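2 protein chains.
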Amino acid sequence: MPRGSNLPAVAGFNETVVLDQIRRSDDGVSRVELVALTGLSPQTISNVTRKLLQRGLINETGKVVGGPGAPRMMLQLNPVGGFAIGVHIDPVVITCVLLDLEGNLVAHSHLRAPSIAIEDPEEGIAAIAAAVDQLIAGTAVPRDRVIGLGVAVPGPVDAVRGRVVKPPLMLPWSEFPLRESLEAATGLPTLMIKDVTAAAVAEQWMNAENPSRNFVFFYYGTGVGVGMVLNDEVHNGASGNAGNAGHFRIAPDGPMCSCGRRGCFSQAVRPARLVDQAQQLGLLDATAATDLHSVFGLFERLVASAETGEPQARQLLVASVEAVGSFIVNVTNLLDVDRIVFGGPYWSTVEKFFQRELPERIRFSEIDNLSHSVNVASSVIGEDVVAVGAACLVLAGSFSPQSSKLQIAPAVIKVGV
Amino acid sequence: MPRGSNLPAVAGFNETVVLDQIRRSDDGVSRVELVALTGLSPQTISNVTRKLLQRGLINETGKVVGGPGAPRMMLQLNPVGGFAIGVHIDPVVITCVLLDLEGNLVAHSHLRAPSIAIEDPEEGIAAIAAAVDQLIAGTAVPRDRVIGLGVAVPGPVDAVRGRVVKPPLMLPWSEFPLRESLEAATGLPTLMIKDVTAAAVAEQWMNAENPSRNFVFFYYGTGVGVGMVLNDEVHNGASGNAGNAGHFRIAPDGPMCSCGRRGCFSQAVRPARLVDQAQQLGLLDATAATDLHSVFGLFERLVASAETGEPQARQLLVASVEAVGSFIVNVTNLLDVDRIVFGGPYWSTVEKFFQRELPERIRFSEIDNLSHSVNVASSVIGEDVVAVGAACLVLAGSFSPQSSKLQIAPAVIKVGV
Chain A
16 MPRGSNLPAV AGFNETVVLD QIRRSDDGVS RVELVALTGL SPQTISNVTR KLLQRGLINE
76 TGKVVGGPGA PRMMLQLNPV GGFAIGVHID PVVITCVLLD LEGNLVAHSH LRAPSIAIED
136 PEEGIAAIAA AVDQLIAGTA VPRDRVIGLG VAVPGPVDAV RGRVVKPPLM LPWSEFPLRE
196 SLEAATGLPT LMIKDVTAAA VAEQWMNAEN PSRNFVFFYY GTGVGVGMVL NDEVHNGASG
256 NAGNAGHFRI APDGPMCSCG RRGCFSQAVR PARLVDQAQQ LGLLDATAAT DLHSVFGLFE
316 RLVASAETGE PQARQLLVAS VEAVGSFIVN VTNLLDVDRI VFGGPYWSTV EKFFQRELPE
376 RIRFSEIDNL SHSVNVASSV IGEDVVAVGA ACLVLAGSFS PQSSKLQIAP AVIKVGV
Chain B
16 MPRGSNLPAV AGFNETVVLD QIRRSDDGVS RVELVALTGL SPQTISNVTR KLLQRGLINE
76 TGKVVGGPGA PRMMLQLNPV GGFAIGVHID PVVITCVLLD LEGNLVAHSH LRAPSIAIED
136 PEEGIAAIAA AVDQLIAGTA VPRDRVIGLG VAVPGPVDAV RGRVVKPPLM LPWSEFPLRE
196 SLEAATGLPT LMIKDVTAAA VAEQWMNAEN PSRNFVFFYY GTGVGVGMVL NDEVHNGASG
256 NAGNAGHFRI APDGPMCSCG RRGCFSQAVR PARLVDQAQQ LGLLDATAAT DLHSVFGLFE
316 RLVASAETGE PQARQLLVAS VEAVGSFIVN VTNLLDVDRI VFGGPYWSTV EKFFQRELPE
376 RIRFSEIDNL SHSVNVASSV IGEDVVAVGA ACLVLAGSFS PQSSKLQIAP AVIKVGV
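Chains as they are written, first to last, in this note's numbering: chain A, 16 to 432; chain B, 16 to 432.
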């Protein structure tokens with residue numbers, strides 16, 4: 016139910032608007048320019064910028080600009096005014112990143128997920144907290160400048176309670192109080208988000224040069240999934256679980272999937288499944304271990320074999336490109352997005368192959384409801400994309416203008432205290 | 016780029032917030048209750064309600080409520096304070112509706128689309144303008160109380176220019192200046208929207224009893240498509256063309272579609288296609304005309320035949336139910352919606368059959384990223400749903416709080432005037 020707005024709500028909103036404009040300026044921006052950019056009065060800009068300077072979030076660069084009118088002092092974001100931690104919990108690797116206020120990657124670490132961390136959530140949380148401590152200790156960042164921690168996890172998630180619910184490859188974590196345990200172990204305010212959605216947050220936040228208001232992030236990892244930004248808003252869905260693409264049914268008579276249905280998209284594109292098929296065809300050593308850690312190397316060999324033109328390897332990969340192309344046409348038609356971004360841990364392995372084979376398989380026709388082109392690109396962020404997105408969630412929550420915040424918060428009524 | 020907020024922007028927003036709260040109250044609401052509901056101060060509520068009374072948008076009901084504190088005067092929406100016209104242009108029928116401020120259907124008319132209206136847009140616009148005139152003249156509504164007109168059209172749309180671009184069944188309308196011609200012919204400010212998206216607007220606006228913040232409207236008409244409300248916002252897409260489901264590829268080796276691809280969803284569910292198959296199987300008279308007008312009756316006979324248990328007719332329809340079930344699982348997994356609403360001109364024909372056969376074919380499994388149930392229902396609005404949605408778009412634009420409106424509008428700079 017929408018609520019009203021008043022001056023305190025507006026003041027907080029205007030601070031984020033000004034901060035966001037300063038963040039987006041490469042070479043700083045003057046107060047006069049901020050008046051033009053935001054529509055706010057010179058007096059309001061003067062008040063807001065004074066507060067932001069006091070809180071250490073922006074700097075006066077000392078650079079004075081000439082031109083018509085009085086000389087103007089330029090303002091820039093103070094990148095070391097605040098920091099955010101991002102953690103990506105994945106069955107294969109746990110990634111931690113530390114971003115500054117500008118979104119620059121200050122430090123990162125990768126913890127090849129030890130079985131203990133996957134089998135015992137308590138141990139997992141302790142390992143992550145230790146990794147976060149090391150990350151902060153290894154830099155000159157004062158801990159009290161770290162605003163918060165974002166943690167990205169495989170779905171299904173229970174966003175309200177901050178938990179995962181029966182994630183196929185991390186079953187021991189099901190219903191474990193993940194968010195609150197991590198908050199307690201690190202002492203940092205903690206937000207939770209689904210992994211593929213975090214990837215979309217990262218792309219939205221970091222790719223200022225080529226923004227799109229409606230795009231899909233195609234995440235190519237142990238499984239496949241999509242993150243969505245629709246009308247400039249990250250789409251989480253009713254329960255925070257949007258983006259499940261792996262069980263998109265693409266062929267009613269396709270192979271049986273572990274979900275009990277036939278013809279799921281993941282059967283056509285999941286690296287472990289392609290490796291399995293390659294082993295059956297004798298393209299890869301059938302006796303090689305295919306645990307989550309080993310699949311990566313085997314998949315690289317399969318792709319390398321396809322690249323050299325080995326017909327069966329090529330055929331396997333082309334079939335997955337066909338499926339991805341078809342999926343992209345479907346999703347573009349449904350959502351009317353104008354950009355598809357690819358990324359995730361397995362993307363760099365197949366990137367060249369896809370770049371060569373995919374465009375001709377994204378077949379739009381006149382009947383598709385599109386009056387614009389669709390841009391297909393690789394993510395500007397590399398393998399850390401999900402962890403970066405989780406950290407950006409913290410930055411976005413703290414600093415990015417969200418007009419819903421303009422509304423007066425409902426009073427919290429405590430009962431029986 | 017987000018812009019700032021200030022007092023005039025807030026005042027306009029607060030008016031819509033108060034009006035929306037009054038609209039949502041069945042039996043009226045007092046100023047004291049409005050303070051609690053909106054978070055606004057008593058003084059602000061007093062000022063805002065005075066303005067709304069002056070403009071004739073709300074009434075004091077005279078009903079005074081007791082209880083603790085002073086007696087309170089109840090406020091209600093004045094349903095005849097304003098009206099909106101909705102027009103649905105469809106190749107088969109042109110529907111016009113007149114709604115009052117509460118969204119009540121005051122009057123409607125159906126113009127069995129004459130070929131002239133489809134073949135000659137100029138004639139079509141004249142016919143629509145005449146129908147709108149008759150609709151208003153047939154009621155006691157003063158024309159100056161009609162706020163505006165919403166027009167819903169088949170895609171593809173060019174939302175910026177207010178046109179359709181090569182709509183398969185209305186080719187003569189391609190690139191015709193639809194919105195501005197209709198605005199000129201009726202003298203009413205005109206908004207344009209894609210038909211399936213209008214259906215979702217109608218459901219969002221009218222179904223106050225069972226609201227969902229994330230739902231899909233499955234539109235079963237000459238073609239199929241979906242309207243989407245995601246996170247409480249109607250999703251239009253980058254170009255206003257979201258919701259194209261007909262060319263969702265559901266079977267890579269399926270029958271060839273008019274779009275040049277194989278296995279499109281519409282091939283499995285489009286009434287004309289099912290009628291065609293039934294004719295080939297000898298279930299329907301193979302010599303019967305299958306123009307857009309005739310398909311309806313033939314389709315009704317096919318469904319009636321399936322209802323009586325004729326095996327081949329049943330098999331045809333069950334296959335389409337299978338396809339719809341699979342599509343719904345796909346879309347729910349992708350978007351994490353918690354409600355699917357069915358409607359559109361062909362829905363009432365198949366409603367009973369689907370209600371019996373569909374639930375067991377919407378097969379979610381544990382691996383689906385859902386931590387909630389999915390409600391499947393028929394639309395609360397009947398055959399006029401798209402026209403009603405187009406009219407609701409006018410009401411929503413004028414009266415519904417949209418926090419994006421809180422931001423100061425950029426100044427319009429006229430060049431060379």
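By construction, the Cβ of each residue, glycine as well, lies at the ideal position given by its N, Cα and C atoms. Every value quoted in this text rests on a predicted model; they were computed, and no experiment measured them.
Q. According to the neighbour-count rule (16 or more other Cβ atoms, all chains shown, within 10 Å of its Cβ), is B:A319 buried or exposed?
A. exposed
*Would B:H271 be called buried (16 or more neighbouring beta carbons within 10 Å of its own) or exposed?*
The residue you asked about is not His; residue 271 of chain B is Met in the sequence shown. Label assigned to B:M271: exposed.
**Item:** Paired residues, beta bridge with B:D115 - DSSP
**Value:** B:F98
- request: Output, in chain order, the set of chain B residues within a Cβ distance shorter than 9 Å of A:D210.
  value: Ordered by position in chain B, no residue passes the 9 Å Cβ test against A:D210, which lies about 11 Å from the chain.
Between B:S309 and chain A, is there a C-beta pair that is closer than 8 Å?
no
Q.
By the DSSP assignment, the alpha helix (DSSP H) with B:S341 in it spans what residues?
A. 326-350
Quiz item: Rounded to a whole number of angstroms, what is the C-alpha to C-alpha distance between A:Y234 and A:V344?
Solution: 16 Å
- Task: Report the residue ranges of all beta strand (DSSP E) runs contained in full by the region 135-171 of chain A; include only those spanning at least 3 residues, in chain order.
- Result: Under the rule that a run must span 3 or more residues, the beta strand (DSSP E) segments found entirely inside the region 135-171 of chain A read 161-168.
- Query: To the nearest whole angstrom, what separates the beta carbons of A:V168 and A:V180, a pair I think is in contact under 8 Å?
  - Reply: With a Cβ gap of about 10 Å, A:V168 and A:V180 do not count as contacting.
Buried or exposed: B:I131, going by 16 or more other Cβ atoms within 10 Å of its Cβ? exposed
Closest Cα partner of B:A334 within the set B:R127, B:Q219, B:F368 = Among B:R127, B:Q219, B:F368, the Cα nearest to that of B:A334 is on B:F368.
Specify, as a first and last residue, the run of the beta strand (DSSP E) that B:G358 falls within. 354-358
- prompt: Looking at the C-beta of A:S335, does it have a partner C-beta in chain B at a distance below 8 Å?
  reply: no
Which residues does DSSP list as the beta-bridge partners of A:H123? Answer is A:V112, bridged to A:H123.
| Using a Cβ-Cβ cut-off of 7 Å (strictly less than) and excluding sequence neighbours within five positions of A:L203, which residues of its own chain qualify? | I100, V161, G163, L164
Margin query: 8 Å is my cut-off, CB to CB: does A:I396 come that close to chain B?
Written below: no
### Query
Would you call the region 397-404 of chain A and the region 202-222 of chain A touching, i.e. three or more CB-CB distances under 8 Å?
yes
Identity of the residues DSSP links to A:C279 by a beta bridge: A:R264
By the 8 Å beta-carbon criterion, what residues does the region 340-368 of chain B contribute toward chain A? Within the region 340-368 of chain B, the qualifying residues are S341, V344, N345, V346, N348, L349, L350, D351, V352, D353.
inquiry  = Suppose you measure from the CA of B:D268 to the CA of A:H308; what does that come to, to the nearest Å?
reply    = 35 Å
Neighbour flag for B:L245 against chain A, beta carbons, 8 Å:
yes
Just checking, does the region 114-124 of chain A make contact with the region 288-306 of chain A on the three C-beta pairs under 8 Å criterion?
-> A contact between stretches requires three or more CB pairs, one per stretch, nearer than 8 Å, and the region 114-124 of chain A fails this requirement with the region 288-306 of chain A.
Quick check on B:I104: does DSSP put it in helix, strand or coil? strand
- Distance, B:G261 Cα to B:S394 Cα: 20 Å
query = What are the boundary residues of the beta strand (DSSP E) that includes A:S388?
reply = It is not in any beta strand (DSSP E) - A:S388 carries neither H nor E in the DSSP assignment.
Are the region 349-365 of chain B and the region 222-233 of chain B touching by the rule of at least three beta carbon pairs closer than 8 Å? With the rule of 3 Cβ pairs closer than 8 Å, the region 349-365 of chain B counts as touching the region 222-233 of chain B.
Any chain A beta carbon closer than 8 Å to B:F232:
no
What's the C-alpha gap between B:V112 and A:W220? 43 Å
| request: Kindly list the residues whose CB is nearer than 8 Å to the CB of A:N93, restricted to its own chain and excluding five residues on each side of it in sequence; keep chain order. | output: G71, L72, I73, N74, L116
| query | Which residue from A:R176, A:C274, A:P136, A:K66 puts its Cα closest to that of A:M185? | reply | A:P136
Q: Could you list which residues in chain A have their beta carbon closer than 7 Å to that of B:A132, in chain order?
A: Correct list: empty, because the minimum Cβ distance to chain A is about 22 Å.
Determine, using beta carbons only, whether A:V147 and A:I104 come nearer to each other than 8 Å. no
Alpha carbon to alpha carbon, how far is A:D42 from A:A174?
-> 38 Å
Worksheet item: Per DSSP, what kind of secondary structure is A:T31 in: helix, strand or coil?
Response: helix
Coarse secondary structure for A:M88, derived from DSSP in three states: strand
Point to revise | Near-chain B residues of the region 275-293 of chain A - C-beta to any C-beta below 8 Å | key: For the region 275-293 of chain A, which is checked against every Cβ of chain B, the residues closer than 8 Å are G275, R276.
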